[in-house]
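See below for the structure under consideration.
Numbering (this note's numbering), first residue to last: 48 to 311.
Encoded structure:
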């Protein structure tokens, strides 16, 4: 209630470029939308284009594209060792055992979510176990636990190291293009960071970017202490539509020189 009242009086931010720190739950959604969906190989190959289209991650970029900075590693992990997440299971619906594979390793794009059918299309000999559906529907390629691996930054130290920027928390909405390349995310509230300290609340801070440029601007990721295996309970895909649960581990992370603006 206190925050809701404060938000009605909080200022919006001016359009411009700024360093931003995103809360862990917001980073998890960013992973889901700008990494999880574009690494689904059926989207890449044109087998699936429903619910926000296809993917900018074409096969010729596999092993070559600098998807993010050296700090960014994103894993596809359905095993229990990763945590008891919404994308954790023993075997997928093609009978493939749960696995841990990298989609992005130290910034380099290195892997897709694949099925038995699609894996050979990119030179792989086996699926990485991600065919999932409700029992009465046809299995399709779905996210497992697609997670940003923790870094080595303590949350308080990340704030203290930020001279000027914004902390953005609590997602409010988003949009992303048909290739998962150009996006905009709105958060409900944020806080001005000045000289390493959290200051006044701001209302409806929004950021936008181009997926690889955005992830290449990441220079700090929270450590294991702030890492949480979040979940998405209603990921839509397919035609006819299907809904699936997915997991996304993430911790607060910092991105430099990002376009920001305020809610209207």
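C-beta: ideal position from N, C-alpha, C; glycine also.
#1: Can the beta-carbon of residue 252 be found closer than 9 Å to that of residue 60?
#2: With 16 other CB atoms within 10 Å as the buried threshold, where does residue 152 fall?
#3: If you drop the 5 nearest sequence neighbours on each side, which residues of the same chain put their C-beta closer than 7 Å to that of residue 256?
#4: Could you give the DSSP three-state label for residue 111: helix, strand or coil?
#5: When the Cα of residue 117 is compared with those of 269, 284, 263, 270, which residue comes out closest?
#6: Where are the beta strand (DSSP E) runs, 3 residues long or more, that stay fully inside the segment 144-189, in chain order?
#7: Could you give the C-beta distance for residue 237 and residue 210, rounded to a whole number, given that I count them as a contact under 8 Å?
#8: How far does the beta strand (DSSP E) with residue 231 in it reach, from first residue to last?
#9: Any idea if residue 225 is buried or exposed, counting beta-carbon neighbours within 10 angstroms, 16 or more meaning buried?
#10: Can you give me the start and stop residues for the alpha helix (DSSP H) that residue 60 sits inside?
#11: Are the beta-carbon atoms of residue 150 and residue 136 separated by less than 9 Å?
#12: Residue 83 and residue 276: beta carbons closer than 9 Å?
#13: When burial is assigned at 16 or more other CB atoms within 10 Å of the CB, is residue 23 buried or exposed?
#14: What's the gap between the Cα of residue 158 and the Cα of residue 62?
#15: Give the secondary structure of residue 295 by DSSP, where H, G and I count as helix, E and B as strand, and everything else as coil.
#16: May I have the straight-line CA-CA distance separating residue 259 from residue 77, to the nearest angstrom?
#17: By how many angstroms is the C-alpha of residue 100 removed from the C-alpha of residue 272?
#18: According to DSSP, which residues form a beta bridge with residue 87?
#19: Is it the case that the Cβ atoms of residue 75 and residue 267 are separated by a distance below 9 Å?
#20: Using only the alpha-carbon positions, how far apart do residue 177 and residue 147 sit?
#21: Give me whichever residues DSSP pairs with residue 68 in a beta bridge.
#22: Across the segment 164-175 and the segment 83-95, are there enough close Cβ pairs to call them in contact, namely three or more that are closer than 8 Å?
#23: Can you list, in chain order, the residues of its chain whose CB lies under 7 Å from that of residue 216, leaving out five sequence neighbours each side?
#24: Check whether the Cβ atoms of residue 129 and residue 192 lie closer than 9 Å to each other.
#25: As a quick exercise: from 227, 214, 291, pick the residue whose alpha carbon is nearest that of residue 246.
#26: The beta strand (DSSP E) spanning residue 280 covers which residue range?
#27: Report yes if the CB atom of residue 190 is closer than 9 Å to the CB atom of residue 290, and no otherwise.
According to the structure data:
#1: Walking along the chain shown from the start, residue 252 turns up at place 205. Walking along the chain shown from the start, residue 60 turns up at place 13. Taking 9 Å as the cut-off, the Cβ atoms of residue 252 and residue 60 count as close.
#2: Counting from 1 along the chain shown, the entry for residue 152 is found at position 105. The residue is buried, with at least 16 neighbouring Cβ atoms inside 10 Å.
#3: Position 209 of the chain shown holds residue 256. Taking residue 256 as the centre and dropping the five residues before and after it, the same chain places the C-beta of 230, 305, 306 closer than 7 Å to its C-beta, in chain order.
#4: As a first step, residue 111 must be located in the chain shown, where it is residue number 64. Residue 111 falls in the coil class under three-state DSSP.
#5: In the chain shown, the residue the question calls residue 117 occupies position 70. Considering only 269, 284, 263, 270, the residue with the shortest C-alpha distance to residue 117 is 263.
#6: As far as the segment 144-189 is concerned, its whole beta strand (DSSP E) runs of at least 3 residues are 147-152.
#7: The residue given as residue 237 occupies position 190 in the chain shown. The residue given as residue 210 occupies position 163 in the chain shown. Taking 8 Å as the upper bound for CB-CB distance, residue 237 and residue 210 are not in contact here, some 17 Å apart.
#8: Position 184 of the chain shown, counted from the start, is the residue given in the question as residue 231. Here the beta strand (DSSP E) through residue 231 covers 229-241.
#9: Position 178 of the chain shown, counted from the first residue, corresponds to residue 225. It counts as exposed.
#10: Position 13 of the chain shown holds residue 60. No alpha helix (DSSP H) contains residue 60, which DSSP labels as neither H nor E.
#11: Mapped onto the chain shown, residue 150 falls at position 103. Mapped onto the chain shown, residue 136 falls at position 89. In this structure, residue 136 does not lie closer than 9 Å to residue 150 by Cβ.
#12: For this step, residue 83 is matched to residue 36 along the chain shown. For this step, residue 276 is matched to residue 229 along the chain shown. Cβ distance not < 9 Å, so residue 83 and residue 276 don't count as in contact.
#13: Not covered by the structure: residue 23. The range shown for the chain is 48 to 311.
#14: For the purposes of this step, residue 158 is taken as the residue at position 111 of the chain shown. For the purposes of this step, residue 62 is taken as the residue at position 15 of the chain shown. Approximately 36 Å, taken between the alpha carbons.
#15: On the chain shown, position 248 is the one that residue 295 refers to. It is a strand residue.
#16: As a position in the chain shown, residue 259 is number 212, starting the count at 1. As a position in the chain shown, residue 77 is number 30, starting the count at 1. The straight-line gap separating the alpha-carbon atoms of residue 259 and residue 77 is approximately 12 Å.
#17: On the chain shown, position 225 is the one that residue 272 refers to. On the chain shown, position 53 is the one that residue 100 refers to. A direct Cα-Cα distance of roughly 36 Å separates residue 272 from residue 100.
#18: The residue labelled residue 87 in the question sits at position 40 within the chain shown. For residue 87, which the question treats as bridged, DSSP gives the partners 160.
#19: Along the chain shown, read from residue 1 onward, the residue named residue 75 stands at position 28. Along the chain shown, read from residue 1 onward, the residue named residue 267 stands at position 220. Here residue 75 is not near residue 267, since their CB atoms are 9 Å or more apart.
#20: The residue given as residue 177 occupies position 130 in the chain shown. The residue given as residue 147 occupies position 100 in the chain shown. C-alpha separation (whole angstroms): 11 Å.
#21: In the chain shown, counting from the first residue as 1, residue 68 sits at position 21. Answer is 214, 301.
#22: When C-beta atoms of the segment 164-175 are compared with those of the segment 83-95, three or more pairs fall below 8 Å, so the two segments count as touching.
#23: The residue you call residue 216 lines up with position 169 of the chain shown. 70, 73, 234, 236, 237, listed in sequence order.
#24: Taking the first residue of the chain shown as position 1, residue 129 is located at position 82. Taking the first residue of the chain shown as position 1, residue 192 is located at position 145. Annotated as proximal: residue 129 and residue 192, with beta-carbon spacing under 9 Å.
#25: Residue numbering aside, residue 246 sits at position 199 when the chain shown is read from its first letter. The shortest C-alpha separation from residue 246 is found at 214.
#26: As a working note, residue 280 is residue 233 in the chain shown. Where residue 280 is concerned, the enclosing beta strand (DSSP E) stretches over 275-284.
#27: By 1-based counting over the chain shown, the position of residue 190 is 143. By 1-based counting over the chain shown, the position of residue 290 is 243. Annotated as distal: residue 190 and residue 290, with beta-carbon spacing of 9 Å or more.
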